[in-house]
Amino acid sequence: MTIYIMDEYIDIVTETGKPTGKTCLKSIAHKKGYYHNTAHIWLYTKKGEILLSQRSVTKVIYPLLWDVSVAGHVDAEETIEQAAIREILEEINLTLTEKDLQKISVFECFQTYKNGIVDNEFHHTFITELKVDITELKPQTNEVEALKLVTIEDFKSKLKQSGTNKHFIPTNTSYYEFVVNKIMNAI
Numbered sequence: 088m089t090i091y092i093m094d095e096y097i098d099i100v101t102e103t104g105k106p107t108g109k110t111c112l113k114s115i116a117h118k119k120g121y122y123h124n125t126a127h128i129w130l131y132t133k134k135g136e137i138l139l140s141q142r143s144v145t146k147v148i149y150p151l152l153w154d155v156s157v158a159g160h161v162d163a164e165e166t167i168e169q170a171a172i173r174e175i176l177e178e179i180n181l182t183l184t185e186k187d188l189q190k191i192s193v194f195e196c197f198q199t200y201k202n203g204i205v206d207n208e209f210h211h212t213f214i215t216e217l218k219v220d221i222t223e224l225k226p227q228t229n230e231v232e233a234l235k236l237v238t239i240e241d242f243k244s245k246l247k248q249s250g251t252n253k254h255f256i257p258t259n260t261s262y263y264e265f266v267v268n269k270i271m272n273a274i
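Numbering of the sequence shown is given in the numbering used here, commencing with residue 88 and proceeding in unit increments.
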């Protein structure tokens, strides 16, 4: 199996999320623990379903677990919204515009993993309605293993057992709860 690792330049921010004017490769940021931005986009349907992405088997962190619909790093000199639109197109082949996005919050995610990755990220999180059939989406194979729609009830049920069911990333429970409540309010 060939593993493709994307290494792009990203902007470094302070521990409070302010721009520093400096950039570095994503791999260096994860090695040195530099703070940086990511864009997370959660897609939902008016029927009360949430689009989940299964993390690729090649992912270094939490392979094959189910997570946010689309997520990715903000490239150097790119706005958060530009990154969100780009990541949606790259990861699921869906074209949206900035006006489709509703920003719900910024989450601090500062974690260190056994493999040496120091992940100090600010997750700029958006929700948006999925207006096409899931069959029209094409997952990016090195990022997304599979896609599925789950009801809000199923999402909450799986989340309650995330410590044992190996479905969601267990450390993200409060984040997931916040997002699902924002989606419920948007429907």
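All C-beta atoms in this analysis are idealised placements derived from N, C-alpha and C, irrespective of residue type, glycine included. Keep in mind that this is a model prediction, so the values were computed, not measured.
- If you check the CB distance, His-123 and Glu-208 come in under 8 Å.
- Within the region 115-144, not a single complete alpha helix (DSSP H) segment reaches 4 residues in length.
- Non-local beta-carbon contacts of Lys-201 in its own chain, meaning distances under 6 Å to residues more than five positions away in sequence, are absent.
- Note on Glu-174: 16 or more other CB atoms within 10 angstroms of its CB, so buried under the neighbour-count rule.
- The bridge partners DSSP lists for Ser-192 are Thr-212.
- A distance below 8 Å separates the beta carbons of Arg-142 and Tyr-149.
- Looking at the DSSP output, Thr-238 sits in a beta bridge with Glu-136.
- If you draw a straight line from the Cα of Glu-232 to the Cα of Thr-107, it is about 35 Å long.
- Note on geometry: alpha-carbon atoms of Cys-111 and Ile-99 lie some 7 Å from one another.
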